[in-house]
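With my numbering, the residue at position 290 of the sequence shown is 295, and numbering never jumps.
Every residue, glycine too, gets a C-beta built ideally from N, C-alpha and C.
Quantities reported herein were computed from a predicted structural model and do not represent experimental measurements.
What follows is one structure encoded as structure tokens, with my remarks underneath.
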Amino acid sequence: MAMKPQTHVGRNRTGIQMSPLDIREMREGTDHTVPTSLGDKEAVSEMRQRYISESDTIGSVPVPGTLTGMLETGKGFLTGRRPQVLIDKLGERLAFERSGVRLYDALLAKCEADPASLGAGAADRLRHFRMEEAQHFAMVADALDSIGADPTAQTPCADMVGVEGMGMMQVLTDPRTSVSQCLHVILDAELVDNAGWELLITLSRQSGHPELAERFAQALHQENQHLVEVRRMYEASVLAEATGSLPADRDRIAPGSEAMPTAGGGLFHDSSPGEDNPPIKGTVGGGSANGLDPTAPRGAPGSEGQRDQGSS
Ligand SMILES: [Fe+2]
Ligand SMILES: [Fe+2]
6 MAMKPQTHVG RNRTGIQMSP LDIREMREGT DHTVPTSLGD KEAVSEMRQR
56 YISESDTIGS VPVPGTLTGM LETGKGFLTG RRPQVLIDKL GERLAFERSG
106 VRLYDALLAK CEADPASLGA GAADRLRHFR MEEAQHFAMV ADALDSIGAD
156 PTAQTPCADM VGVEGMGMMQ VLTDPRTSVS QCLHVILDAE LVDNAGWELL
206 ITLSRQSGHP ELAERFAQAL HQENQHLVEV RRMYEASVLA EATGSLPADR
256 DRIAPGSEAM PTAGGGLFHD SSPGEDNPPI KGTVGGGSAN GLDPTAPRGA
306 PGSEGQRDQG SS
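What follows is the structure in structure tokens.
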């Protein structure tokens, strides 16, 4: 497979410096441009507030369908707790971990399309992280089961993170994006993932489920490793590209070491969106927040929940 060029200087004409003689005329043009509609940012804000005050919420947490769930809910209400918040956030983590699997799948496909861009050890680490995301998904599904909640239900926050992840999946599955650019997205996801697990551990304890908090602490420990290593891979990839380091040089350094410039991979062969190419757009390759197989193909995130889920 032919290697793609890395970030390069080309025929990008988006900046004003491309035509200095036209700068004054262009600036005059902006003075004479008439808005296509009435109003200003205050009017936009007022309209948004009107919509907000008139709208419903995004779906609901389902009524428990099991005896354990009913007992759990009853116990929560008796003690003044609101167990639906924990269930909602568990649903969120479930959806996010599943998306994580798909993000890593897309990153690995990108790396495999350009094997020279990534040291073998680094690819193995990414595969390992992908496996752990799948394990976390199963862990959360078990946790929902253990408190009598339905892991197949899409909760409001599950829907929310599905929509949130749409841009991430778009970047990962755009054939023009580089491994380095995709690592930026994975870093983004891992930062949110870590914060999500931390909150879930605190929330589980506060909700009277220390046993869940203990299990989740193990996932958080692994997520910390994902974050540290993905960040290192991303930074190394950008720095290596800036110095024109060869993939072969990077492969000599073991993944996980401080000086690892390998993992970023792809760095030397990116596609160059933004030049003569249109901006990233197109379909989203993510998944709906329900369904229990993180590797199964799905429709667009939020497509069911946000539009179809009635509030109750
Ligand atoms: Fe995760
Ligand atoms: Fe992770």
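Mind checking whether the beta-carbon of residue i lies closer than 7 Å to any heavy atom of ligand 2?
i	result
His226	no
His231	yes
Asp2	Because the chain is modelled from 6 through 317, residue 2 falls outside the range shown and cannot be assessed.
Glu138	yes
Glu195	yes
Can you give me the C-alpha to C-alpha distance between residue i and residue j, rounded to a whole angstrom?
i	j	result
Leu113	Glu137	15 Å
Val166	Thr160	10 Å
Ala224	Trp202	8 Å
Met238	Leu188	7 Å
Leu72	Leu149	14 Å
His133	Leu232	13 Å
Tyr109	Thr178	11 Å
Ile191	Val235	7 Å
Asp164	Arg103	13 Å
Glu47	Arg53	10 Å
Pro156	Gly96	7 Å
Ala154	Arg98	14 Å
Ile206	Gly249	43 Å
Asp93	Ala100	11 Å
Val14	Arg107	32 Å
Gln89	Val68	9 Å
Gln140	Leu204	19 Å
Asp45	Cys162	32 Å
Ile21	Val39	21 Å
His214	Pro180	44 Å
Pro302	Gln11	For Pro302, the pLDDT reaches just 49, beneath the cut-off of 50, and the residue's location in the model is therefore unreliable, leaving the point undetermined.
Ala222	Ala143	15 Å
Ser58	Glu51	11 Å
Taking 7 Å as the cut-off, is the C-beta of residue i nearer than that to any heavy atom in ligand 1?
i	result
Glu102	yes
His189	no
Gly213	no
His13	no
His133	no
Gly105	yes
His141	yes
Contact check, residue i vs residue j under 8 Å by CB: the rounded distance?
i	j	result
Ala218	Ser209	4 Å
Met174	Ala194	At roughly 10 Å, the Cβ-Cβ gap does not stay under 8 Å, so Met174 and Ala194 are not in contact.
Ser198	Gly105	Residue identity differs from the one stated: residue 198 is Asp in this sequence, not Ser. Confirmed, about 7 Å.
Glu246	Ser185	6 Å
Ser212	Arg135	The Cβ separation is near 30 Å, so there is no contact.
How is the alpha helix (DSSP H) around residue i delimited, first residue to last?
i	result
Thr248	Pro215 to Thr248
Met23	Here Met23 belongs to no alpha helix (DSSP H), and DSSP marks it neither H nor E.
Thr178	Met171 to Thr178
Val90	Pro88 to Glu117
So, with DSSP's three-state summary, where would you put residue i?
i	result
Ile63	coil
Ser183	coil
Ser42	coil
Ala294	Low confidence applies to Ala294: its pLDDT is 42, below 50, so where it sits in the model is not reliable enough to give any reading.
His13	coil
Gly70	coil
Gly153	coil
Arg18	coil
Ser212	coil
Gln159	coil
Between residue i and chain B, is there a C-beta pair that is closer than 8 Å?
i	result
Gln211	Protein chain content of the structure displayed is limited to a single chain, and chain B is not contained in it.
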